[in-house]
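Here the structure comes first, spelled out in structure tokens, and everything after it is commentary.
Protein chains: 2
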Amino acid sequence: MAKTCVFNLNGTLLSYESLDSFFERGFKRSHVRPLWFQTVLHTAASLTLSNRFEPFEAIAVRTLYSLAEEEGVEFADDATEEFVGLLRNLQPYPDAQAGLDELRRAGYRLMGLTNSSRAAGIEALSQAGLADFFDEVLSAEAVEAFKPSPEPYLHVAEKLRKVPKQLWFVAGHAWDTMGAHQAGFKTALIFRPQHGFNENFPRPDVAAETLPHLAAAIEARDRTLLQHVFGEAREHRALN
Amino acid sequence: MAKTCVFNLNGTLLSYESLDSFFERGFKRSHVRPLWFQTVLHTAASLTLSNRFEPFEAIAVRTLYSLAEEEGVEFADDATEEFVGLLRNLQPYPDAQAGLDELRRAGYRLMGLTNSSRAAGIEALSQAGLADFFDEVLSAEAVEAFKPSPEPYLHVAEKLRKVPKQLWFVAGHAWDTMGAHQAGFKTALIFRPQHGFNENFPRPDVAAETLPHLAAAIEARDRTLLQHVFGEAREHRALN
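Protein sequence lines correspond, in order, to chains A and B. Quick note on the working numbering: the first sequence kicks off at -5 and runs consecutively. Quick note on the working numbering: the second sequence kicks off at -5 and runs consecutively.
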């Protein structure tokens, strides 16, 4: 039975830092990028709470223009096209390839699960040279509900015909591992040194500061669980 | 039958700008405040999507410390106490009193609905000198689900024994009027000139740049609806 890790893409394998120069040019400072990202996330979550849906990329673009209006920034006519192109061409974190490689060599099947469209997710992985590691990319669009609501995670489990507790979910944000945890997944958080842990969210099952270390922690946890099962089986045999 | 307006408090009648000097001292720049606020909002929404709950004030404080960790900022021992004190002592927008006064004179009963605790909401209104305008403040805590999920809005309607379409919901954020709209309320957005409209959200029933103008728009809309009803009644009588 193939073991499976489901990966969030943006902010986990691909870095939004690639957008900083766009924000620096438009807003004359890069610190608008984290504000833009949190606003996009809150907008997506709000729509799902209100039982409405808009594609993530449209939310991302409209949020950019709403912030521009607040800051009195004017964009050129082709800014939307440029911005969408950048969103689909995020640079991979330097440790992404080594982490994915480690998991593949350990026999894990890899899936993507993104709040973006499936096409945007696949394009971004291809541009970053990471597409070959993945069997499939699934999107929250298929269920018209964004993570961290349970539906997208359960959609992956259903597609894989697995119960969630057999699956790992790997992300760079604790709100995302929380959503997977609530849906029943085992959870792994890539906790980069420059990130603060938001104590509002539950702790993941494993965490590490680099993706190769996280891969090792996932394997170690699965070996331990396996030993427990074998241990119980041996004990059972000894008792009978 | 008393007409009723349900008001969001923070960001609508009370301004988070009161916190800017705290952020300036701690982070050496005030622009962290909008990022903090969007992160708090996304955290609250994420918890509700995951069917979990934490008090809003606890989310606000933990998010502050998570951002401080990211920025390498150290707070003094009494920073939490100071911050919570500031949260409960937000300054009113300069047009708040005149807007509430206008609605009361027009015969509207006023209610508060906050994602904060009921106690924090009441304390903040008192500190701002606005408590006397309000019959009651209700909190999302009562249903352990944050706005913009439907539960808090429906909680108010239930307490008032009204159907939502008889009630106005007034807020300074389009994600909040969206939630109220989805729950069936009439919606009024105070759209301050320095805010950008986030086109991801549906347009409210009425909008204005100041609270007195918004109050007038609410009254005008209700008069128009009343004229429609009377018009139909007259037409009905003429036909029979």
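Using N, Cα and C, we set each Cβ at its ideal position, and we do this for glycine too. All values derive from a computational prediction rather than experimental measurement.
May I ask which residues mark the beginning and end of the alpha helix (DSSP H) holding residue i?
i	result
THR57/A	50 to 65
HIS25/A	Looking at the DSSP string, HIS25/A is not in any alpha helix (DSSP H), and its letter there is neither H nor E.
ASP72/A	Looking at the DSSP string, ASP72/A is not in any alpha helix (DSSP H), and its letter there is neither H nor E.
PHE17/A	14 to 21
GLY115/B	112 to 121
LEU94/B	90 to 99
By DSSP's criteria, residue i is part of a beta bridge. Which residues make up the other side?
i	result
GLY106/B	PHE1/B and VAL131/B
SER9/A	GLN85/A
Beta strand (DSSP E) containing residue i: first to last residue?
i	result
ALA202/A	200 to 202
Would the beta-carbon of residue i be found less than 7 Å away from any heavy atom of the ligand GDP?
i	result
ARG99/A	Annotation note on the ligand GDP: not contained in the displayed structure, which lists no ligands.
When the cut-off is 8 Å and only beta carbons count, does residue i lie next to chain D?
i	result
HIS25/A	No chain D appears in the structure shown, which is made up of the protein chains A and B.
* Give, in chain order, every residue of the stretch 30 to 64 of chain A whose Cβ lies closer than 8 Å to some Cβ of chain B. => Legend: CB atoms of the stretch 30 to 64 of chain A lying less than 8 Å from CB atoms of chain B belong to residues GLN32, THR33, LEU35, HIS36, THR37, ALA39, SER40, LEU41, THR42, LEU43, SER44, ASN45, ARG46, GLU48, ALA52, ILE53, ARG56, THR57, TYR59, SER60, LEU61, ALA62, GLU63 and GLU64.
* **Uninterrupted beta strand (DSSP E) stretches inside the stretch 126 to 188 of chain A (no shorter than 3 residues)** => Within the stretch 126 to 188 of chain A, the beta strand (DSSP E) runs of at least 3 residues that lie entirely inside it are, in chain order, 130 to 133, 161 to 165 and 180 to 184.
* To do: Report yes or no: do three or more beta-carbon pairs, one from the stretch 136 to 145 of chain B and one from the stretch 22 to 30 of chain B, lie closer than 8 Å?
  => Pairwise C-beta distances place the stretch 136 to 145 of chain B out of contact with the stretch 22 to 30 of chain B, as fewer than three of them are shorter than 8 Å.
* Asked: Is the stretch 44 to 61 of chain B touching the stretch 117 to 126 of chain B in the sense that three or more CB pairs, one from each, lie closer than 8 Å?
  -> No, they do not touch.
* Name, going along the chain, the residues of the stretch 160 to 187 of chain A whose beta-carbon falls closer than 7 Å to a beta-carbon of chain B. => Answer in chain order: TRP169, MET172, GLY173 and GLN176.
* Taking a Cβ distance cut-off of 9 Å, strictly less, list which residues of the stretch 4 to 16 of chain B are near chain A, in chain order. => So the list is empty, because no residue satisfies the distance condition.
* To do: Please list the residues of the stretch 186 to 202 of chain B that have a C-beta atom closer than 9 Å to any C-beta atom in chain A, keeping them in chain order.
  => Flagged, chain order: GLN188, HIS189, GLY190, PHE191, ASN192, GLU193, ASN194, PHE195 and PRO196.
* To do: Give the residues from the stretch 133 to 151 of chain A that approach chain B closer than 9 Å (Cβ to any Cβ), ordered along the chain.
  => Per Cβ criterion, the list reads ALA139, PHE140, LYS141, PRO142, SER143 and PRO144.
* Asked: Is the stretch 85 to 101 of chain A in contact with the stretch 204 to 214 of chain A, if contact means three or more CB pairs nearer than 8 Å?
  -> Put simply, the stretch 85 to 101 of chain A touches the stretch 204 to 214 of chain A. At least three CB pairs are less than 8 Å apart.
* Three or more C-beta pairs closer than 8 Å, one from the stretch 1 to 15 of chain A and one from the stretch 6 to 21 of chain B: is that the case here? -> Counting C-beta pairs with one atom in each stretch, the stretch 1 to 15 of chain A and the stretch 6 to 21 of chain B have fewer than three that are closer than 8 Å, which means they do not touch.
* To do: State whether the stretch 175 to 190 of chain A contacts the stretch 149 to 167 of chain A, with contact taken as three or more CB pairs (one from each stretch) at a distance under 8 Å.
  => Yes, since at least three Cβ pairs between the stretch 175 to 190 of chain A and the stretch 149 to 167 of chain A fall closer than 8 Å, the two stretches touch.
* the stretch 32 to 50 of chain B contacting the stretch 139 to 154 of chain A, beta-carbon criterion three pairs below 8 Å -> Cβ pair count under 8 Å is three or more, so yes.
* What are the residues of the stretch 204 to 215 of chain B that lie near chain A, defined by any Cβ-Cβ distance shorter than 7 Å? -> Result list empty, no residue passes.
* chain B contacts made by the stretch 80 to 95 of chain A, where a contact means CB separation under 7 Å -> If the cut-off is 7 Å between Cβ atoms, the stretch 80 to 95 of chain A has nothing near chain B.
* Between the stretch 62 to 71 of chain B and the stretch 66 to 83 of chain A, do three or more beta carbon pairs fall short of 8 Å? -> Taking a contact to require three or more Cβ pairs closer than 8 Å, the stretch 62 to 71 of chain B and the stretch 66 to 83 of chain A do not qualify as touching.
* To do: Inspect the CB distances between the stretch 101 to 111 of chain B and the stretch 121 to 131 of chain B and report whether three or more fall short of 8 Å.
  => The stretch 101 to 111 of chain B makes contact with the stretch 121 to 131 of chain B; the number of CB pairs closer than 8 Å reaches 3 or more.
* **Touch test, the stretch 194 to 204 of chain A against the stretch 169 to 178 of chain A, Cβ-Cβ under 8 Å, three pairs minimum** => As far as the Cβ criterion goes, the stretch 194 to 204 of chain A touches the stretch 169 to 178 of chain A, which means the pair count is three or higher.
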